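Down below is the structure, laid out as structure tokens.
Residue numbers (our numbering): 144 to 197.
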């Protein structure tokens with residue numbers, strides 16, 4: 144059984160794009176979202192490999 148994500152896909156994309164544009168740090172993004180920095184790193188990796196639809 145998987146856990147429900149705290150952050151929906153649309154907001155993850157916005158956060159990742161803000162990070163990639165230099166507007167947020169990984170730590171700052173994690174704090175805003177209330178998640179671990181590792182989660183943000185995973186979102187970034189997925190975005191870079193699979194694009195926004197990933």
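The C-beta atom is built at its ideal place from N, Cα and C for all residues, glycine as well.
Bear in mind the structure is a predicted one, so any value in this text is a computation, not a measurement.
- Classify residue 172 as buried or exposed, calling it buried when 16 or more other Cβ atoms lie within 10 Å of its own Cβ. buried
- Query: Taking C-beta to C-beta, are residue 167 and residue 156 nearer than 8 Å?
  - Reply: Contact flag unset, no.
- Message: Can you list, in chain order, the residues of its chain with a C-beta nearer than 6 Å to that of residue 197? Leave out the 5 residues immediately preceding and following it.
- Response: 189
- Query: For residue 195, which residues from the same chain have a beta carbon less than 7 Å from its beta carbon, with the 5 sequence-adjacent residues on both sides left out?
  - Reply: 156
- How would you call residue 153, buried or exposed, if buried means at least 16 neighbouring beta carbons within 10 angstroms? exposed
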